[in-house]
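0 is the number of the first residue of the sequence shown in numbering that gives the first Met the number 0; add one for each residue after it.
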Amino acid sequence: MNKHVVWLTITLCLNDGSALFAQPGGEGRWMNPQQRAEQQTAQMKEQLALSEAQAAKVLEINVKYAQQAQEARQKAEGDWEAMRAQMTTIRQAQDQELQTVLTEEQWQKWLTVREQLRDRRSSNAGGNPPTTPGKDKPAQDNKKTNAKKEKKSRSRGANPNSNR
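This is the structure:
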């Protein structure tokens, strides 16, 4: 009975632990244009303190250009340069319309927020988790680490000078 409990516990731990290694994010790739626009509008409403009237207009704009972006992605057929140029054109048109809805203060804040998001995306392009400034883990002292490894290998009866 104890063996069964131990194996069940190990299995559950391994199964739950596998979720820890799943890559975060990426939900946006599977959203339809309406969902993308709603998500972007919700972020903008929160970050820019949009009124209900502004949020409704922003949602219309975001839906319109999310649909155009989706069409551009589908038509690209692997031509990333053409798609990138098309996306730039779409974003510029969207920006012009958004500027008519947002106040100058909201517009400037949106530009700042968008730049921060872009920086975060580009810094995480290699798949590394984003780091918070000042919260990085200090480097370990290699002498201590090497001493611990050597002590461990001696206790196992291994030759610390041999290469494995």
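We put the CB at the ideal spot given by N, CA and C, even for glycine.
Same chain, Cβ closer than 6 Å to residue i, neighbours up to 5 away in sequence not counted
i	result
PRO23	Any reading at PRO23 needs caution, since the residue's pLDDT is 42, under 50, leaving its predicted position unreliable; the model's value is listed next. Closer than 6 Å at the Cβ level, and outside the excluded window around PRO23, lies no residue.
PRO32	ALA65, GLN66 and GLN69
With 16 other Cβ atoms within 10 Å as the buried cut-off, status of residue i
i	result
LEU58	buried
THR111	exposed
TRP109	buried
Sequence-distant residues of its chain with Cβ nearer than 7 Å to residue i (five each side left out)
i	result
VAL62	PRO32, GLN33 and ALA36
GLN98	TRP106
THR40	ALA54, VAL57, LEU58 and ASN61
GLU96	ILE60
Pairwise C-alpha distance: residue j and residue i
i	j	result
GLU45	MET86	25 Å
ASP118	GLU103	23 Å
ALA71	GLU114	23 Å
MET82	GLN73	9 Å
is_contact[residue i, chain B] using C-beta, thresh 7 Å
i	result
ASN61	The chain inventory of the structure shown lacks chain B, comprising one protein chain alone.
Contained alpha helix (DSSP H) runs [length at least 4] in the stretch 29-63, N- to C-terminal order: 32-47
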